[in-house]
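One structure is given here, and the rest of the page talks about it.
4 protein chains.
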Amino acid sequence: MYSECGKAFIDFFAGAGALNYGHNNDYIKNRIVDYIKNDGLTHGLDMYTVAKREFMETFVENVLKPRKLDYKIQFSGPTGTNAVESALKLARKIKKRPEVFSFMGGFHGMSLGSLSATSNRQKREGAGVPLHNVTFMPFPFGFFESFDTLAYLEHVLSDSHSGIDKPAAIIVETIQAEGGVVVASASWLQGLREICDKHDILLICDEIQVGCGRTGTFFSFEQAGIVPDIVVMSKSISGFGIPMSLVLMKSELDIWEPGEHNGTFRGHQLAFVGAAAALEYREMIDLEGAVASKEQYVRSYLEEQVKPLHPGIKIRGAGLIWGIDLTEAVAPSAVEEIQQQCFRQGLIVETAGRADSVLKIMPPLNIEMELLEKGCLILRDAISSHMYAETVI
Amino acid sequence: MYSECGKAFIDFFAGAGALNYGHNNDYIKNRIVDYIKNDGLTHGLDMYTVAKREFMETFVENVLKPRKLDYKIQFSGPTGTNAVESALKLARKIKKRPEVFSFMGGFHGMSLGSLSATSNRQKREGAGVPLHNVTFMPFPFGFFESFDTLAYLEHVLSDSHSGIDKPAAIIVETIQAEGGVVVASASWLQGLREICDKHDILLICDEIQVGCGRTGTFFSFEQAGIVPDIVVMSKSISGFGIPMSLVLMKSELDIWEPGEHNGTFRGHQLAFVGAAAALEYREMIDLEGAVASKEQYVRSYLEEQVKPLHPGIKIRGAGLIWGIDLTEAVAPSAVEEIQQQCFRQGLIVETAGRADSVLKIMPPLNIEMELLEKGCLILRDAISSHMYAETVI
Amino acid sequence: MYSECGKAFIDFFAGAGALNYGHNNDYIKNRIVDYIKNDGLTHGLDMYTVAKREFMETFVENVLKPRKLDYKIQFSGPTGTNAVESALKLARKIKKRPEVFSFMGGFHGMSLGSLSATSNRQKREGAGVPLHNVTFMPFPFGFFESFDTLAYLEHVLSDSHSGIDKPAAIIVETIQAEGGVVVASASWLQGLREICDKHDILLICDEIQVGCGRTGTFFSFEQAGIVPDIVVMSKSISGFGIPMSLVLMKSELDIWEPGEHNGTFRGHQLAFVGAAAALEYREMIDLEGAVASKEQYVRSYLEEQVKPLHPGIKIRGAGLIWGIDLTEAVAPSAVEEIQQQCFRQGLIVETAGRADSVLKIMPPLNIEMELLEKGCLILRDAISSHMYAETVI
Amino acid sequence: MYSECGKAFIDFFAGAGALNYGHNNDYIKNRIVDYIKNDGLTHGLDMYTVAKREFMETFVENVLKPRKLDYKIQFSGPTGTNAVESALKLARKIKKRPEVFSFMGGFHGMSLGSLSATSNRQKREGAGVPLHNVTFMPFPFGFFESFDTLAYLEHVLSDSHSGIDKPAAIIVETIQAEGGVVVASASWLQGLREICDKHDILLICDEIQVGCGRTGTFFSFEQAGIVPDIVVMSKSISGFGIPMSLVLMKSELDIWEPGEHNGTFRGHQLAFVGAAAALEYREMIDLEGAVASKEQYVRSYLEEQVKPLHPGIKIRGAGLIWGIDLTEAVAPSAVEEIQQQCFRQGLIVETAGRADSVLKIMPPLNIEMELLEKGCLILRDAISSHMYAETVI
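Chains as they are written, first to last, in this note's numbering: chain A, 248 to 640; chain B, 248 to 640; chain C, 248 to 640; chain D, 248 to 640.
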């Protein structure tokens, strides 16, 4: 996809999901360059500007209206963690309850409020203070696959002696990306929505890594037919790797007072320009259709070409985010070796999950089929050659 | 400085300090446009890239070496609050103490960790949870002007029955910008540094709003002759209103483990390109010299032309950040009216401080003298006309 | 057992477990009266006194030595919650970790530290602040009976992404008395001890309600063959309803510094006198043997005479603490009616558990068989007559 | 006052204030012995009993009515810290604010909620967790004597940027006993009451050590002519060194729900019997008059005989609680030596304050004049002989 020092690489990482439309997408790039060259305002704080208005109009027309979603848009700062912080604040303010539920395996950011909702122990220890006001619930994965996690959630909320205080909100990723590409089923998400409704709890969907078309649809939660109360987005929303994030909230939830959550970089105009262009670009090339066919290819390839390499290999994913879980297939150190072999062969791929033992496939959504196929081949070869080595030893 | 819908405005706000080199500075702009057009990498996470290396080299050569500062650079995410969060984490991790001291009037950000160190009550109430692990100390201003705030600090640390636990760090702004352009004296900052040394406490200097040359020197703390242990920077560091922030730490303090504080947008390459260009631009036009002469002008103007308008008016500032404190000179509602009159006359000026009763003058550092003079005149007229009205009533 | 206004009552409550040796036990009473009449010191803070020394010697000789337990004794204040607070402090200080695990259904006291470990939601809401640093784990009861709670605990501790920080200690009741007389099995307690050992976590056993012979043996945990690291005792330890509590800790865990946990009433001499007398009294009448035969009687009676009254009735208990769980057998309001009918018939019995739907049988350990039988009969009749009523309606 | 191993001692400590009516007061003792011998109920939880009713009637008639105080009485558990915990809970519940203010030098107990309000650093470090929701304010003593602490308090509450959140309550000792017998003036307490009224904050008076007549009047706050919203009492309330504590609250503040703050030992009947007897005893011997004359004696003695020994000696106190502050008069180690010399001469005296450098005189209120004089003489000699030694060296 891009080259450095002359060498060509296929990118199966896409800037941790910030480059869903590819590196330096020409359509978006031209719009940004034009804007800069025309001396468009670059920095606008939270004031209304032309670029902001155009983005908002495009977002409403192209994204919200077709999906019959009645969200208000908050620009909470340029990073995902800013958006998560803002969403948690809002939820606590609305419900007047300090507690929030998050899920084991979940990742929501590194500033103190978001970190409290992040499950990774190493990251939590970096806080230097005990992290409070978030309780972790089991996610339907691994140890909990044979366990009714929704019944557990319901029990904990209903039992007057659970010791767990009623939360303002439950924050969830439909696919735990950092957690190892762990996919929540549609029925599970629907059940979660019902529990929230029953107990007067807000459902916050963290779409930072899996939104913006990554799973096929623009929002990942669409596929489950649910509507979260609050949505946080970032990464690819600007379409060009420019920092930008959004909080979407149901209209009736907007109880912010002026200046209650502010910040300098909430009005980065280049991001608005890029974001509007990206939304146009999506429609222009029928990105959803393209992802659907590529998903089909990757799914088949992984099931038919990769999974059979070892009985311990597990394949999980949707759209163009896939995880090859090697936990039970290779030694812990081998995953990094596979990753490095891929790199030497010209493929960038990242790891995720406990002990970083899941290879995460996350190419730009508009990757050419030829490159996608070539990347898959490199990946398979790297795993395969390692399997042989494993067996020999 | 810039126009919208045809109307020309003089900007005394500079994007809350994010546009110290002016709107759409040509030198920086060209470098960014060239970079984009040459399809330079835009998004690099925390990997080493050409743009990053060039920024770091320039920063070391142009900023750190001439000042004999031995700081390591951490890219903690694009916003000031990300940098503050990172600095607080690091300090707590180093000293193994959860407590941090901040100052009354201080502003450090809106995510949970930074918000805990922010004194503004309205913003704090937005948290939805009690804010912990930060204790507020008196800042030498207003009620505390006749009070030995350093002696208080020393007492609280020394008294075994103060009830206040020893902090890992003290975070301070040399000038509390949001707090109403409240300037700490050099001797006070030196005393603070001594207290930190004596009690084994880290000194964190928040240069987000007053760094990058705003006070004349690159770092505002230089003028006091002190060296903080940790410095947080943002706003104008990218030189083009692009989100970017830095944490500088004394080399021996870098005890981060890999991945302990991460984030998607720590490697926004356009920001690196802009930031390197900005540092070159500074030197090229001798910005420090230019600010010195403009400071002289503004100081004289305010003292001689504005202060005499009313005995209650107070003037505070340094470099090109100045506050006209009208708290005791006009009715609370009048400040907003003055601000609006300025706007109608083509001048953008922001308010700050308790009850927003301080007019904050913060033009781009490279503002043309003619515009600076014209802006001052508009400002004076607006205050003046309001004074008359006041007197009549 | 005692009378008021002339009416005789059989007591199946025993002062919430504070009167295991009966009301106004003559043996203990005489010792206390003699002590007072001889002008023995009544108040001794934490100084060494004759009464304290005699209690400690008796406790070591009669309780610890025969059980080969090497505990140091701390007098942490007169109430159970003081002892729990002290135990939690000590555990956190030893392990340098703020977190503690407690169990759903558990009750450990009402001061802030203990309340954090108490699961009852209504009690928790009384705190007025969010309660921190305690995470609740499932207890093998009700919803969790078909669930491997130890495997859950092990998973949460082992999973690097559980979001749950490693605790300093796990605090447990062998029988959750307030929680509805919920009995943990010996194998479960052994598994818990193994998990604590494996993960370097202290095991705190809260014997406040079920210690002092209530379950047959002096300590309730003896029957599972485990040795907790820390034990908290109160209620019947003084033998006469006088406030007193103890913290027992393995010798090597005593890292208290002088005065680090103090209080005025840690040296109530009447309590020491009563406590020493109570320990003598226990041996003198072979209390353990007596409880064993009464347990046999109550168990049979409940299984054969009460349980058959309704298929929803559940019987749980050990020694002389038994719960008749009517949750699925009668309407919620009916339990209080049964309790009142008992009272009218001369039997005092308390309720416990979720919705107070468990009748808790907890007579003095030295109750005469005749009264025990009579009390059981009253209880059975009250439940029975209510059952009929239920059925008719 | 009492003897051990044959040796007679004069007691200037009075069980840390728990023995205001002397050791083994005959009047109280006989009532308790009679009660026990008549097989009065000893343990009553929170049920209404004869002994409880008699205490409450006596308390209302003898204490509240003559002072025109309309307080409801809560039995919150037997220790002072239980009462403080209960008062803090209630205040937070009423005002729906988590924050509480306490004072530097203040001591309120050792369980987690009370410890948060205790200023002693060594005790705080024993918590093992960061202590939250309490902010410490300067008390008018030492460093703060030349500082307007009430103006500081008012400023912190009024300043929208103080960073200190509005508290539910301010908890204060009229005399900081553990803090070194530091006396708040009547005008300061009146000012504090006014600030609480102005800002809708509850005033909690901690009378645990200085109530029950210790300062001359039954409540120490009476002398300042103020009425706290909530009062916590313990120590001498039972009159016989038996654990007992009370929370008094203005009637309209009783918003407790049933069982929201409970505990096993809230109904220790021997304490009620003793407490009622103690209140009768007080009146019978005109204790207030007796204390007034003894206060006169001690004050004169200390001012005329002790203070002149060294210019650094400071004398503080009221009623029969006095502190001889030797901080600036002798070496730190000397205070313990003085205390030990007193002990050898037959006088028990305790130390308090920072570095334990204040000798605290706190005899039983009914001490015989002869013993009081003799004790003062021993004390003076011990200090004096030490002064000489100091001078020689």
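All C-beta atoms, glycine included, are put in the ideal place defined by N, C-alpha and C.
Excluding the five sequence neighbours on either side, which residues of its own chain have a C-beta within less than 6 Å of the C-beta of residue i, listed in chain order?
| i | result |
| --- | --- |
| Phe386 of chain D | Phe350, Met351, Gly352 |
| Asp572 of chain B | Lys561, Val605 |
| Ala298 of chain C | Gln516, Phe519, Val520 |
| Gln588 of chain C | Ala629 |
So residue i is in the beta strand (DSSP E); what residue range does that whole segment cover?
| i | result |
| --- | --- |
| Tyr318 of chain D | 318 to 321 |
| Asp453 of chain D | 449 to 453 |
| Asp572 of chain A | 568 to 572 |
| Thr421 of chain B | That residue, Thr421 of chain B, is in no beta strand (DSSP E); it is neither H nor E in DSSP. |
Ordered along the chain, which non-local residues of its own chain (more than five positions away) have a Cβ less than 7 Å from that of residue i?
| i | result |
| --- | --- |
| Gly262 of chain D | Gly488 |
| Ser631 of chain A | Leu556 |
| Ser363 of chain D | Leu378, His379, Asn380, Val381 |
| Leu549 of chain C | Ile562, Trp569, Ile571 |
| Lys497 of chain B | Asp317, Tyr318, Asp476 |
Can you confirm whether residue i, when its beta carbon is compared against all beta carbons of chain A, has any partner nearer than 8 Å?
| i | result |
| --- | --- |
| Ser366 of chain C | yes |
| Ile647 of chain C | Residue 647 of chain C is absent from the model: chain C starts at 248 and stops at 640. |
| Ile422 of chain B | no |
| His402 of chain B | no |
| Met480 of chain C | no |
Cβ-heavy atom distance between residue i and the ligand ZN below 7 Å?
| i | result |
| --- | --- |
| Asp258 of chain B | With respect to the ligand ZN, the structure shown offers nothing to examine, as it has no ligands at all. |
Quick one: give me the first and last residue of the alpha helix (DSSP H) that residue i is part of.
| i | result |
| --- | --- |
| Phe590 of chain A | 579 to 591 |
| Ser405 of chain B | 396 to 405 |
| Leu436 of chain A | 433 to 445 |
Got a sec? Which residues, its chain only, sit under 8 Å from residue i by beta carbon, not counting five neighbours each side?
| i | result |
| --- | --- |
| Leu436 of chain D | Val419, Thr421, Phe468, Ala471, Ile473 |
| Tyr399 of chain C | Met384, Pro385 |
| Ile595 of chain D | Phe256, Ile257, Asp258, Phe259, Phe260, Cys589 |
Could you check whether the Cβ of residue i sits closer than 8 Å to any Cβ belonging to chain C?
| i | result |
| --- | --- |
| Gln369 of chain D | yes |
| Gly426 of chain A | yes |
Between residue i and chain B, is any beta-carbon pair separated by less than 8 Å?
| i | result |
| --- | --- |
| Glu507 of chain A | yes |
| Ser393 of chain D | no |
| Val494 of chain A | no |
| Asp406 of chain D | yes |
Using a Cβ-Cβ distance under 8 Å, would residue i count as near chain D?
| i | result |
| --- | --- |
| Met357 of chain B | no |
| Phe383 of chain B | yes |
| Asn380 of chain B | yes |
| Gly269 of chain C | no |
| Ser432 of chain B | no |
- prompt: Using a beta-carbon distance cut-off of less than 8 Å, what residues from the segment 577 to 605 of chain D approach chain C?
  reply: none
query: Taking a cut of 7 Å between CB atoms, which residues from the segment 322 to 342 of chain B lie near chain A?
result: Gly324, Pro325, Thr326, Gly327, Thr328, Asn329, Glu332, Lys336, Arg339, Lys340
task: Inspect the CB distances between the segment 517 to 535 of chain D and the segment 296 to 314 of chain D and report whether three or more fall short of 8 Å.
output: yes
- prompt: So, do the segment 335 to 346 of chain B and the segment 446 to 453 of chain B have three or more beta carbon pairs nearer to each other than 8 Å?
  reply: yes
- request: Specify whether the segment 407 to 416 of chain A and the segment 354 to 371 of chain A touch according to this definition: at least 3 beta carbon pairs, one from each stretch, less than 8 Å apart.
  value: no
- prompt: Counting pairs of beta carbons, one from the segment 268 to 285 of chain B and one from the segment 281 to 291 of chain A, are three or more of them closer than 8 Å?
  reply: yes
field: Chain-ordered residues of the segment 533 to 564 of chain C with a beta carbon less than 8 Å from chain D
entry: none
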